[in-house]
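The letter at position 159 of the sequence shown is residue 163 when you use the numbering used here, and the numbering goes up by one with no holes.
C-beta atoms are modelled at their ideal positions from N, C-alpha and C, and glycine is treated no differently.
Here's the structure we're looking at; comments come further down.
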Amino acid sequence: MKILVLGGTKFVGLHIVEVALSRGHDITLFNRGQTNPDMFPDVEKITGDRRGDLDVLKGRNWDAVIDPSNVPLQVRASIELLADVADHYTFVSSVGAYGGVGDAQLDENWKLAELADESLEEVVDFGGQKALCEKIVQDVMPGRTLIYRPGLIVGPNDPTDRFTYWVRRVKTGGMVLAPGYPERPQQIIDVRD
């Protein structure tokens with residue numbers, strides 16, 4: 005398959021690219037060339053910025069696109085340009101896209117967060133922005149999309165240290181102050197999975 009990965013050189017994206025390459029897929033990366041630019045030296049790289057420099061993608065065709073963004077304006081611009089040149093669009097969302105969860109036991113049919121402002125360029129409401137991105141993806145390419153809503157993604161190259169901190173802290177022993185409620189389940193996914 006010919007796959008266009010938007011980003012692809014940081015955390016989730018780089019693991020997606022590694023797996024795709026190991027399975028023999030033909031990968032093209034589209035990013036600004038700023039994060040790990042020397043990674044994947046044998047992969048085609050197209051340098052551009054989703055904030056308005058998408059013309060370099062015109063005239064190409066892909067079997068699939070993988071998009072991990074959380075900026076609705078960028079997702080709309082990308083998918084509108086790629087809808088006629090890609091067969092399938094995978095959007096990496098988040099369980100954060102669910103709205104009003106609280107302590108509820110939810111499934112894939114739970115209502116999504118609502119956000120009307122598509123013009124946000126910065127992450128102001130992560131869950132609301134992911135939910136709006138999902139809506140855009142499904143509206144522009146109905147029937148040709150996959151929306152993936154993982155829980156907390158952890159593992160090698162995680163720039164946040166949001167999981168490994170706790171592993172190191174528990175290892176040191178003694179009392180550990182931890183957030184949340186012990187009875188509330190957590191969904192943690194290793195990025196390599």
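Taken in chain order, the complete beta strand (DSSP E) segments of 3 or more residues contained in the segment 78-157 are 90-96 and 149-152. Pairing A117 with A101 gives a Cβ-Cβ distance under 8 Å. With contacts defined by Cβ atoms closer than 8 Å, I151 and F95 form a contacting pair. Annotation: the continuous alpha helix (DSSP H) that includes A24 extends over V16 to S26. Distance from the CA atom of D59 to the CA atom of K134, rounded to whole angstroms, is 24 Å. With respect to the 8 Å criterion, D162 and F15 are classified as neighbours on the basis of their beta carbons. For the pair G155 and Q109, the CB atoms are not nearer than the 8 Å cut-off. For E138, the number of other beta carbons within 10 angstroms of its own is at least 16, and it is reported as buried. Exclusion of the five residues before and after G159 leaves D194, V195 and R196 as the residues of its chain whose Cβ lies within less than 7 Å of its Cβ. Annotation for T176: the continuous alpha helix (DSSP H) segment containing it runs T168 to T176. Following the DSSP letters along the chain, one finds V9 inside the beta strand (DSSP E) bounded by residues K6 to L10. Secondary structure of L61 (DSSP, three-state): helix. In terms of CA proximity to L124, N74 leads the group P183, N74, D53 and A24. The straight-line gap separating the alpha-carbon atoms of A182 and I157 is approximately 19 Å. Of the residues assessed, Q78 falls on the buried side of the cut-off, its CB having 16 or more other CB atoms within 10 angstroms.
The shortest CA-to-CA distance from S97 to any of V105, P72 and D121 is the one to P72. Classified as exposed, Y169 has fewer than 16 neighbouring CB atoms from the shown chains inside 10 Å of its CB.
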